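Student: Just so you know, the protein sequences line up as chains A and W, in that order. In terms of my numbering, the first sequence is numbered consecutively and its last residue is 279. In terms of my numbering, the second sequence is numbered consecutively and its last residue is 1279. I'd like to ask some things about the structure below.
There are 2 protein chains.
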Amino acid sequence: MTTPDPRLAKLSLNQMTTRSWSVREAVDGCVRAGIPAIGLWREPVAEIGVAAAAKAVADAGLRVSSLCRGGFLTASGDAGRAALDDNRRAIDEAAGLGTDCLVLVVGGLPDASRDLRGARQRMADAVAELAPYAGERGVRLALEPLHPMYCADRAVLSTLGQALDLAEQFPVDQIGIVVDTFHIWWDPDVWAQIARAGARIASFQVCDFLTPLPADVLLGRGMMGDGHIEFAPYQQAVAAAGYTGDTEVEIFNADVWATDPDQVLATMKQRYVDLVLEG
Amino acid sequence: MTTPDPRLAKLSLNQMTTRSWSVREAVDGCVRAGIPAIGLWREPVAEIGVAAAAKAVADAGLRVSSLCRGGFLTASGDAGRAALDDNRRAIDEAAGLGTDCLVLVVGGLPDASRDLRGARQRMADAVAELAPYAGERGVRLALEPLHPMYCADRAVLSTLGQALDLAEQFPVDQIGIVVDTFHIWWDPDVWAQIARAGARIASFQVCDFLTPLPADVLLGRGMMGDGHIEFAPYQQAVAAAGYTGDTEVEIFNADVWATDPDQVLATMKQRYVDLVLEG
């Protein structure tokens, strides 16, 4: 047992960054690396069950900074109702894991639809339906605006401003937003919107934006320092807005996934200290 | 000589849609297809010279709806000064071709820079330097916000709102903006910004947004109807804002480029009538 590095006190490993690891392996990896928090994903949690995952994390003395993810709320009819049921289960899972933050990726245009306005309205209606259910369980739904290149197929929620326009219609303990550098760094209005977000900031995620984008644009998320984003101003902006939670590193990247996860954590800690905290 | 189809009276072929064609071939193709306007690119124009290109277009009775493109204004030092010189040449070329619209793709982050704010400031300074030069020659610089996925490597101008914030600092005959469906369709604020743009709209370009994006994301621009965009509301919105100019079809797409250009024009006319004009 080494003395914890105080600089890492608010660092969280989002489990997707070490995709090959199970929940237990990721928990053990965080302990070895002195990383005090973890962002879990529902699929690996389901492999051992919520109770066992919660126990593994608690036994290791880690925090759960978020659960990824609910959402996909743009369908209508039976598919829409099934999505609401699945999101209620996700809320229950978040509560069971002891995190107050469920990240929502809201979904894109349904197949063959070009009705963006309609998809956005169904998403808003679904959020309204889920908000009290979440609040009653001590879970906040964290609306994540995704980069506009995913608007068609993944998230019709595209900017912090749009996310806040929706979030502000609900109590702050029910609906928050995610600040993820990859998705928002291009936004000319980003600083004003982070300041506006204030107590709505439910999660802060970092990773870099790479060019050229890979063939699968979902995997264009890079280790901090490998791309185009200047991180320290974002860390400072969320702090100035009042955010005191963890900074999650969430990277989807084939090269990172092919690297020894312990090495990924070592690099991630160094880059976090050098580029996110100190800039 | 067939009777012109009145529905095509405001249709323009952007030359990049038929990339394999020279200026003369594209002009002849437009005449065969009954398309009354063309958007030219500097590189094919340079192959025969501005005067010969202008004569070819005039002899055929076509309008030049725009010249693509100037811009790349984010570098500093010698590279920045060279870019200004090149843009002055582009303005002269636009004047020589008889078009009042020079499209600007403003440029991304300079190599290895992460200073997005600085790049945006240099871009704005360069626009200020070029604006009177353009205005004196009867050419309007059309600021084109590009999709945010190109922010790092192609254009730090990412939204209509950002483009208008800059454009409005200058006389309306010097600086306008481009409304290109591909780049802006995801923007939750798009309708308000098109209405705000009003007489600033210097060019209206259409093409569709495809998923999955191809490996080279520059080539994700599809024929209208092949992707996710509903076009008629955009045609109606620019008209409601007062725009009376041409609708340019500008497609960068490997499959389109591999198709017989006359067939591309036939498809383009049909889709324009069915999806853009009538919706």
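The beta-carbon is built from N, C-alpha and C at its ideal position, and this holds for glycine as well. These numbers come from a predicted model, not from an experiment.
Below 8 angstroms on the Cβ atoms is my contact criterion, and I expect A/ALA119 with A/THR159 to pass it. Report the Cβ-Cβ distance as a whole number of Å.
Tutor: Rounded, the Cβ-Cβ distance is 15 angstroms, inconsistent with contact.
Student: Apply the 10 Å Cβ neighbour rule to W/GLU1144 and answer buried if 16 or more other Cβ atoms are within range, or exposed otherwise.
Tutor: So W/GLU1144 ends up on the buried side.
Student: Tell me the residue span of the beta strand (DSSP E) that contains W/PHE1252.
Tutor: No beta strand (DSSP E) holds W/PHE1252; DSSP gives it neither H nor E.
Student: Have a look at the DSSP bridge pairing and note the partners of A/GLY107.
Tutor: A/GLY107 is bridged to A/ALA155.
Student: Would you mind working out which of W/VAL1206, W/ALA1131, W/ALA1254 and W/VAL1256 sits nearest W/VAL1238, comparing C-alpha positions?
Tutor: For W/VAL1238, the nearest C-alpha among the options comes from W/VAL1206.
Student: Check the Cβ-Cβ distances between W/SER1022 and every residue of chain A, and say whether any is below 8 angstroms.
Tutor: False, the Cβ-Cβ gap to chain A never drops below 8 angstroms.
Student: Taking 7 angstroms as the limit between beta carbons, can you name the residues of its chain near W/ALA1241, skipping five residues before and five after?
Tutor: So the list reads ILE1194, ALA1195, ALA1197, GLY1198 and ILE1201, once near-sequence residues are dropped.
Student: Going straight from the alpha carbon of A/ALA56 to that of A/SER22, what length do you get?
Tutor: C-alpha separation (whole angstroms): 11 angstroms.
Student: Can you find at least 3 beta carbon pairs, one from the stretch 66 to 73 of chain A and one from the stretch 102 to 111 of chain A, that sit closer than 8 angstroms?
Tutor: Cβ pair count under 8 angstroms is three or more, so yes.
Student: In three-state terms, what does DSSP make of A/ASP180?
Tutor: Reduced to three states, the DSSP call for A/ASP180 is strand.
Student: Quick one: what's got a C-beta closer than 8 angstroms to W/ILE1048's C-beta in the same chain, skipping five residues either side?
Tutor: Around W/ILE1048: SER1022, VAL1023, ARG1024 and ALA1056.
Student: In whole angstroms, give me the CA-to-CA distance for A/HIS228 and A/LEU210.
Tutor: Roughly 7 angstroms between the two C-alpha positions.
Student: Does any C-beta atom of chain A lie closer than 8 angstroms to the C-beta of W/ILE1194?
Tutor: With 8 angstroms as the cut-off, W/ILE1194 does not count as an interface residue toward chain A.
Student: Report the rounded CA-to-CA distance for W/MET1001 versus W/ASP1125, giving the unit in angstroms.
Tutor: In this prediction, W/MET1001 scores a pLDDT of 49, lower than 50, which makes its location untrustworthy; no coordinate-derived value is stated.
Student: Report back the beta-carbon spacing between A/ASN87 and A/GLU250 to the nearest angstrom; my notes put them in contact at under 8 angstroms.
Tutor: Contact flag wrong, Cβ pair sits at about 20 angstroms.
Student: Run the CB neighbour count on A/SER12, radius 10 Å, all protein chains shown included, and call it buried at 16 or more, exposed below.
Tutor: Buried.
Student: List, in chain order, every chain W residue whose beta-carbon is nearer than 7 angstroms to that of A/THR159.
Tutor: Within chain W, the residues near A/THR159 are PRO1188.
Student: Rounded to whole angstroms, what's the CA-CA distance from A/ARG19 to W/ARG1007? Just pull it up for me.
Tutor: So the alpha carbons of these two residues sit roughly 54 angstroms apart.
Student: Cβ closer than 8 angstroms: which chain A residues qualify as neighbours of W/ILE1229?
Tutor: Residues of chain A passing the Cβ test: ARG114.
Student: Please return the same chain residues whose Cβ sits closer than 7 angstroms to the Cβ of A/PHE252, not counting the five positions on each side in sequence.
Tutor: Cβ within range, chain order: MET16, LEU218, LEU219 and ARG221.
Student: Curious, which full-length beta strand (DSSP E) runs of at least 3 residues does the stretch 24 to 104 of chain A contain?
Tutor: List check, beta strand (DSSP E) in window: 37 to 41 and 63 to 71.
Student: Apply the 10 Å Cβ neighbour rule to A/ALA26 and answer buried if 16 or more other Cβ atoms are within range, or exposed otherwise.
Tutor: It is buried - the Cβ of A/ALA26 has at least 16 other Cβ atoms within 10 Å.
Student: Does W/PHE1209 get closer than 8 angstroms to chain A when you measure Cβ to Cβ?
Tutor: It does; some Cβ of chain A falls within 8 angstroms.
Student: List the DSSP bridge partners of W/ARG1140.
Tutor: In DSSP, W/ARG1140 forms a bridge with W/CYS1101.
Student: Does the beta carbon of W/PRO1148 come closer than 8 angstroms to any beta carbon on chain A?
Tutor: Yes, because at least one Cβ of chain A sits closer than 8 angstroms to the Cβ of W/PRO1148.
Student: Between the stretch 155 to 169 of chain A and the stretch 75 to 86 of chain A, do three or more beta carbon pairs fall short of 8 angstroms?
Tutor: Touching, no, given that fewer than three Cβ pairs across the two stretches are closer than 8 angstroms.
Student: Please tell me whether A/LEU109 has its Cβ less than 8 angstroms away from any Cβ of chain W.
Tutor: Interface residue, yes.
Student: Give the secondary structure of W/ARG1196 by DSSP, where H, G and I count as helix, E and B as strand, and everything else as coil.
Tutor: Reduced to three states, the DSSP call for W/ARG1196 is helix.
Student: Would you kindly work out how many angstroms separate the C-alpha atoms of W/CYS1030 and W/THR1244, rounded to a whole number?
Tutor: So the two alpha carbons sit approximately 20 angstroms from each other.
Student: Check the Cβ-Cβ distances between W/ALA1134 and every residue of chain A, and say whether any is below 8 angstroms.
Tutor: It does not: the Cβ of W/ALA1134 has no partner Cβ on chain A nearer than 8 angstroms.
Student: Measuring alpha carbon to alpha carbon, tell me which residue in A/GLU43, A/PRO44, A/GLY39 and A/GLY98 is nearest A/ALA58.
Tutor: Among A/GLU43, A/PRO44, A/GLY39 and A/GLY98, the Cα nearest to that of A/ALA58 is on A/GLY98.
Student: Distance check for W/ALA1266 and W/ALA1033, CA to CA, integer angstroms please.
Tutor: Whole-angstrom Cα-Cα distance: 7 angstroms.
Student: What separation, rounded to the nearest whole angstrom, lies between the Cα atoms of W/TYR1234 and W/THR1181?
Tutor: Near 7 angstroms, if we compare the C-alpha coordinates of W/THR1181 and W/TYR1234.
Student: Out of curiosity, what's the CA-to-CA distance linking A/PRO110 and A/ASP78?
Tutor: Cα to Cα, the separation comes out at about 13 angstroms.
Student: Under DSSP, the alpha helix (DSSP H) around W/VAL1238 begins and ends at which residues?
Tutor: W/VAL1238 -> alpha helix (DSSP H) spans 1232 to 1240.
Student: So, is the C-beta of A/ALA126 closer than 8 angstroms to a C-beta in chain W?
Tutor: It does not: the Cβ of A/ALA126 has no partner Cβ on chain W nearer than 8 angstroms.
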